[in-house]
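Notes follow the structure.
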Amino acid sequence: MAGYRADEEYDYLFKLVLIGDSGVGKSNLLSRFTKNEFNLESKSTIGVEFATKTTKVEGKVVKAQIWDTAGQERYRAITSAYYRGAVGALLIYDVTRHATFENAARWLRELRGHTDPNIVVMLIGNKCDLRHLVAVKTEEAKAFAERESLYFMETSALDATNVENAFTEVLTQIHKIVSKRSVDGGGESADLPGKGETINVKEDGSVLKRMGCCSN
Amino acid sequence: MSRKRTENGSESGPATSHVPVDRFGFLKQEHANSPERFSKSKTTSSTDHDREERKVRKWRKMIGVGGSDWKHYVRRKPNVVRRRIRKGIPDCLRGLVWQLISGSRDLLLMNPGVYEQLVIYETSASELDIIRDISRTFPSHVFFQKRHGPGQRSLYNVLKAYSVYDRDVGYVQGMGFIAGLLLLYMSEEDAFWLLVALLKGAVHAPMEGLYHAGLPLVQQYLFQLESLVKELIPKLGEHFTQEMINPSMYASQWFITVFSYSFPFPLALRIWDVFLSEVKLPFEKLIHALKTFPEDAMNPDTLLPLAYSIKVSKRLEELTLEYQKTNAKPVQP
Numbered sequence: 001m002a003g004y005r006a007d008e009e010y011d012y013l014f015k016l017v018l019i020g021d022s023g024v025g026k027s028n029l030l031s032r033f034t035k036n037e038f039n040l041e042s043k044s045t046i047g048v049e050f051a052t053k054t055t056k057v058e059g060k061v062v063k064a065q066i067w068d069t070a071g072q073e074r075y076r077a078i079t080s081a082y083y084r085g086a087v088g089a090l091l092i093y094d095v096t097r098h099a100t101f102e103n104a105a106r107w108l109r110e111l112r113g114h115t116d117p118n119i120v121v122m123l124i125g126n127k128c129d130l131r132h133l134v135a136v137k138t139e140e141a142k143a144f145a146e147r148e149s150l151y152f153m154e155t156s157a158l159d160a161t162n163v164e165n166a167f168t169e170v171l172t173q174i175h176k177i178v179s180k181r182s183v184d185g186g187g188e189s190a191d192l193p194g195k196g197e198t199i200n201v202k203e204d205g206s207v208l209k210r211m212g213c214c215s216n
Numbered sequence: 001m002s003r004k005r006t007e008n009g010s011e012s013g014p015a016t017s018h019v020p021v022d023r024f025g026f027l028k029q030e031h032a033n034s035p036e037r038f039s040k041s042k043t044t045s046s047t048d049h050d051r052e053e054r055k056v057r058k059w060r061k062m063i064g065v066g067g068s069d070w071k072h073y074v075r076r077k078p079n080v081v082r083r084r085i086r087k088g089i090p091d092c093l094r095g096l097v098w099q100l101i102s103g104s105r106d107l108l109l110m111n112p113g114v115y116e117q118l119v120i121y122e123t124s125a126s127e128l129d130i131i132r133d134i135s136r137t138f139p140s141h142v143f144f145q146k147r148h149g150p151g152q153r154s155l156y157n158v159l160k161a162y163s164v165y166d167r168d169v170g171y172v173q174g175m176g177f178i179a180g181l182l183l184l185y186m187s188e189e190d191a192f193w194l195l196v197a198l199l200k201g202a203v204h205a206p207m208e209g210l211y212h213a214g215l216p217l218v219q220q221y222l223f224q225l226e227s228l229v230k231e232l233i234p235k236l237g238e239h240f241t242q243e244m245i246n247p248s249m250y251a252s253q254w255f256i257t258v259f260s261y262s263f264p265f266p267l268a269l270r271i272w273d274v275f276l277s278e279v280k281l282p283f284e285k286l287i288h289a290l291k292t293f294p295e296d297a298m299n300p301d302t303l304l305p306l307a308y309s310i311k312v313s314k315r316l317e318e319l320t321l322e323y324q325k326t327n328a329k330p331v332q333p
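In order, the protein sequence lines correspond to chains U and P.
Read in order, the letters of the first sequence are residues 1 to 216 in full-length UniProt numbering.
Read in order, the letters of the second sequence are residues 1 to 333 in full-length UniProt numbering.
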């Protein structure tokens with residue numbers, strides 16, 4: 001953590017996780033959002049990686065801390081620890097592989113088993129640039145998202161379609177919940193989530209308020 | 001058996017002819033794994049060259065023709081062997097020596113035809129998973145770069161064969177980087193048996209726990225690393241605790257791929273030299289790297305000698321027992 005500055009200024013720190021089957025494009029969505037890069041020849045993710053990006057959401061400076069997890073089933077032993085404290089999740093499937101969409105239900109169960117019920121989840125159909133290979137119809141995914149109360153978007157990390165939009169939408173929805181909580185006057189601490197602590201979006205610690213600038 | 005490698009990137013690589021590669025075959029424009037920053041000898045002087053020649057001659061003598069003298073030498077002078085391995089196995093002999101010290105050469109000789117059988121006649125439930133990762137394994141290395149080229153085909157064969165050989169483990173992401181590293185130094189069949197020697201345990205404890213359901217051995221190593229950091233570098237341990245950094249965040253991929261995934265390539269090779277012969281993961285090196293980071297932490301010639309001065313073996317054994325006691329399902333012996 002060379003050069004880390006504790007006094008870096010932001011109003012909120014939101015922790016997000018990227019989940020979904022192996023090879024759906026999680027790492028490239030992350031690098032497109034945080035560095036505006038796409039790599040056709042990237043390595044498989046082993047274990048976990050993370051990146052951050054600071055952005056403005058409804059006038060507030062929000063730092064997104066995004067955890068990118070390996071998709072293979074066997075890794076669940078390590079990756080599920082990263083769900084803890086997450087206030088947002090992007091559940092990603094590959095629009096050209098129907099099996100990755102069918103697995104979304106399982107990923108969702110897994111996620112909900114480890115996180116607060118108020119977590120903001122967006123279903124993402126990635127690789128939508130491959131139009132001639134689409135195997136998952138938009139309507140089908142939309143219906144699933146509605147049934148499960150998820151936000152939904154189709155993206156392409158390759159040509160950058162909707163990537164910024166998807167992350168911004170998730171961050172905005174989280175911010176809405178948090179600021180509503182502030183107005184309601186719910187007590188919040190300014191600590192990072194501790195180990196083993198259950199995070200509640202309503203009274204959480206992981207939705208970090210900084211500098212006291214927006215507490216009232 | 002061992003493939004010809006390019007020297008200093010001036011000659012052509014085996015797969016593509018005019019792409020500049022470093023002396024290990026990684027594309028030059030790629031920074032990940034590139035040894036450029038860490039290799040001291042950018043311009044090899046003639047004295048360096050002579051020293052290298054002498055070293056190779058000593059090694060050849062020690063090994064004998066095709067490894068015939070090796071066992072004898074190890075028995076007679078274990079300390080000399082150990083010292084020489086710690087200084088780094090000459091690159092041109094690395095593949096052969098790795099097979100000798102891991103015990104994989106014996107496995108190969110005892111199982112004629114088995115590898116071919118596994119590759120040609122058996123089918124694996126993991127085939128699609130393997131294929132999905134093939135082009136995502138060392139994508140910046142000339143040998144693995146070409147789609148369906150010899151590198152990718154060998155990698156597929158070795159991984160598929162292993163997934164059939166041990167259906168409990170099957171294929172787990174990360175194994176590809178180990179197989180890939182081996183394939184840069186030996187033939188497919190040799191790489192397969194070294195993988196078997198490593199995971200099933202030929203001359204040392206099996207490491208298949210890295211890939212079993214629940215990744216028990218990875219969890220054990222993470223626990224040990226965390227404990228050692230707290231004990232040996234208390235200030236850093238404290239800082240990690242405060243920032244809620246736990247070792248699974250930075251070290252899972254080190255253990256799952258035995259350092260072949262993201263370490264600078266020359267360092268990964270030197271770690272493998274010692275790891276295969278001394279039969280343990282280089283916790284000393286990790287501790288040392290964390291202590292000195294970032295200056296010089298990734299230069300093998302600086303890191304390794306200093307790391308040997310840190311003694312952790314005894315404490316590691318204690319921590320292994322402690323971990324196994326506190327976990328209901330112990331790591332398979």
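C-beta: ideal position from N, C-alpha, C; glycine also.
Every value quoted in this text rests on a predicted model; they were computed, and no experiment measured them.
Please identify the residue among Phe192/P, Gly180/P, Thr257/P, Glu278/P whose C-alpha is closest to the C-alpha of tyrosine 211/P.
As a first step, residue 211/P must be located in the second sequence, where it is residue number 211. The shortest Cα separation from tyrosine 211/P among Phe192/P, Gly180/P, Thr257/P, Glu278/P belongs to Thr257/P.
I'd like to know whether the C-beta of aspartate 48/P is nearer than 9 Å to at least one C-beta of chain U.
The residue given as residue 48/P occupies position 48 in the second sequence. It does not; no Cβ of chain U falls within 9 Å.
Amino acids of chain U, ordered along the chain, whose beta-carbon sits closer than 9 Å to that of glutamine 173/P
As a position in the second sequence, residue 173/P is number 173, starting the count at 1. Going along chain U in sequence order, the residues near glutamine 173/P (Cβ under 9 Å) are Ser22, Ser44, Thr45, Ile46, Ala70, Gly71, Gln72, Arg74, Tyr75.
Contact set between isoleucine 78/U and chain P, taken where Cβ atoms lie within less than 9 Å
By 1-based counting over the first sequence, the position of residue 78/U is 78. Chain P residues near isoleucine 78/U: Leu215, Val218, Gln219, Leu222, Ser248, Ser252, Ile256.
Alpha carbon to alpha carbon, how far is leucine 306/P from glycine 88/P?
Locating residue 306/P in the second sequence gives position 306, counting from the first residue. Locating residue 88/P in the second sequence gives position 88, counting from the first residue. Leucine 306/P and glycine 88/P: Cα-Cα distance of roughly 14 Å.
Could you tell me if methionine 175/P is buried or exposed, where buried requires 16 or more neighbouring beta carbons within 10 angstroms of its beta carbon?
Here the question's residue 175/P lines up with position 175 in the second sequence. Under this definition methionine 175/P is a buried residue.
Using CA coordinates, which residue listed in Leu316/P, Leu232/P, Arg83/P, Glu122/P is at the minimum distance from alanine 289/P?
As a working note, residue 289/P is residue 289 in the second sequence. Comparing Cα-Cα distances from alanine 289/P to each of Leu316/P, Leu232/P, Arg83/P, Glu122/P, the minimum goes to Leu232/P.
Taking 9 Å as the threshold (beta carbon to beta carbon), is aspartate 129/P in contact with chain U?
Taking the second sequence and counting its residues from 1, the one referred to as residue 129/P is at position 129. It does: the Cβ of aspartate 129/P has a partner Cβ on chain U nearer than 9 Å.
Out of Gly88/U, Asp94/U, Ile66/U, point me to the one whose CA is closest to methionine 122/U's CA.
On the first sequence, residue 122/U is found 122 positions in, with the first residue counted as 1. Among Gly88/U, Asp94/U, Ile66/U, the Cα nearest to that of methionine 122/U belongs to Gly88/U.
Let me know the secondary structure DSSP gives serine 41/P once reduced to three states.
Start at 1 with the first residue of the second sequence, and residue 41/P comes out as number 41. Confidence at serine 41/P is low in this model, with a pLDDT of 45, below 50, so its placement is unreliable and no value can be given for it.
How far does the alpha helix (DSSP H) with valine 56/P in it reach, from first residue to last?
Counting from 1 along the second sequence, the entry for residue 56/P is found at position 56. First-last of the alpha helix (DSSP H) with valine 56/P: 46 to 63.
Do we get a CB-CB distance below 9 Å when we pair threonine 137/P with the residues of chain U?
Counting from one through the second sequence, the residue named residue 137/P turns up at place 137. Closer than 9 Å to some Cβ of chain U, the Cβ of threonine 137/P qualifies, so yes.
Contacts that serine 140/P makes with chain U (C-beta to C-beta distance below 8 Å)
As a first step, residue 140/P is located in the second sequence; it is residue number 140 there, counting from the start. Residues of chain U passing the Cβ test: Glu41.
Can you tell which of Asp21/U, Gln173/U, Lys60/U, Leu30/U has the C-alpha that lies nearest to the C-alpha of tyrosine 10/U?
The count along the first sequence starts at 1 and reaches residue 10/U at position 10. Per the Cα distances, Lys60/U.
Taking 6 Å as the limit between beta carbons, can you name the residues of its chain near methionine 62/P, skipping five residues before and five after?
On the second sequence, position 62 is the one that residue 62/P refers to. If we look at methionine 62/P and ignore the five residues flanking it on each side, its Cβ neighbours are Tyr73.
When the distance is taken between beta carbons, is serine 154/P closer than 9 Å to leucine 183/P?
Locating residue 183/P in the second sequence gives position 183, where the first residue counts as 1. Locating residue 154/P in the second sequence gives position 154, where the first residue counts as 1. Going by C-beta atoms, leucine 183/P is nearer than 9 Å to serine 154/P.
Tell me whether glutamine 72/U sits in a helix, a strand or coil according to DSSP, three-state version.
On the first sequence, residue 72/U is found 72 positions in, with the first residue counted as 1. In the structure shown, glutamine 72/U sits in coil (DSSP, three-state: anything other than H, G, I, E or B).
Per DSSP, what kind of secondary structure is isoleucine 130/P in: helix, strand or coil?
As a position in the second sequence, residue 130/P is number 130, starting the count at 1. Under the three-state reduction of DSSP output, isoleucine 130/P falls in the helix class.
Where the alpha helix (DSSP H) containing lysine 146/P begins and where it ends:
Numbered from its first residue, the second sequence carries residue 146/P at position 146. Segment: none, lysine 146/P is in no alpha helix (DSSP H) and carries neither H nor E.
Assign glutamine 65/U to one of three DSSP states: helix, strand, or coil.
The count along the first sequence starts at 1 and reaches residue 65/U at position 65. Of the three classes helix, strand and coil, the one that applies to glutamine 65/U here is strand, per DSSP.
What's the C-alpha gap between serine 41/P and leucine 93/P?
Here residue 41/P refers to the residue found at position 41 when the second sequence is read from its first residue. Here residue 93/P refers to the residue found at position 93 when the second sequence is read from its first residue. Here the model assigns serine 41/P a pLDDT of 45, short of 50, so the residue's position is not dependable, and the following value carries that caveat. Serine 41/P and leucine 93/P: Cα-Cα distance of roughly 19 Å.
Contact set for leucine 217/P: own chain, Cβ-Cβ below 7 Å, skip 5 residues either direction:
One-based indexing of the second sequence puts residue 217/P at position 217. Here the set comprises Met207, Gly209, Leu210, Val331.
Let me see if you follow: with CB-CB separation under 9 Å, is arginine 132/P close to chain U or not?
On the second sequence, position 132 is the one that residue 132/P refers to. Yes, arginine 132/P counts as interfacial toward chain U.
Nearest by alpha-carbon distance to aspartate 91/P: which of Trp59/P, Gly66/P, Val65/P is it?
The count along the second sequence starts at 1 and reaches residue 91/P at position 91. For aspartate 91/P, the nearest C-alpha among the options comes from Trp59/P.
Determine the burial state of histidine 49/P: buried for a count of at least 16 other Cβ atoms within 10 Å of its Cβ, exposed for fewer.
Translated into the one-based positions of the second sequence, residue 49/P becomes position 49. Burial call: exposed.
Use the C-beta contact count for histidine 148/P: other C-beta atoms within 10 angstroms, 16 or more gives buried, fewer gives exposed.
As a first step, residue 148/P must be located in the second sequence, where it is residue number 148. Exposed is the call here.
Based on DSSP bridge pairs, tell me the residues matched to aspartate 94/U.
Stepping through the first sequence from its first residue, residue 94/U is reached at position 94. Beta-bridge pairing links aspartate 94/U to Asn126/U.
My output table needs one value for methionine 110/P: the three-state DSSP class, helix, strand or coil.
Residue 110/P sits at position 110 when you count from the first residue of the second sequence. DSSP places methionine 110/P in helix when its eight states are reduced to three.
Are threonine 320/P and glutamine 224/P closer than 9 Å when you measure CB to CB?
The residue labelled residue 320/P in the question sits at position 320 within the second sequence. The residue labelled residue 224/P in the question sits at position 224 within the second sequence. A Cβ-Cβ contact shorter than 9 Å links threonine 320/P with glutamine 224/P.
7 Å Cβ cut-off: residues of chain P touching alanine 81/U
Along the first sequence, one-based indexing puts residue 81/U at 81. Ser248, listed in chain order.
Considering only C-alpha positions, which residue in the set Val21/P, Gly95/P, Trp272/P, Leu303/P is nearest to leucine 286/P?
Stepping through the second sequence from its first residue, residue 286/P is reached at position 286. The residue with the shortest Cα to Cα distance from leucine 286/P is Leu303/P.
Residue range of the alpha helix (DSSP H) that includes threonine 326/P:
Here residue 326/P is taken as the residue at index 326 of the second sequence, counted from 1. If you look at threonine 326/P, you'll find it in the alpha helix (DSSP H) that goes 313 to 326.
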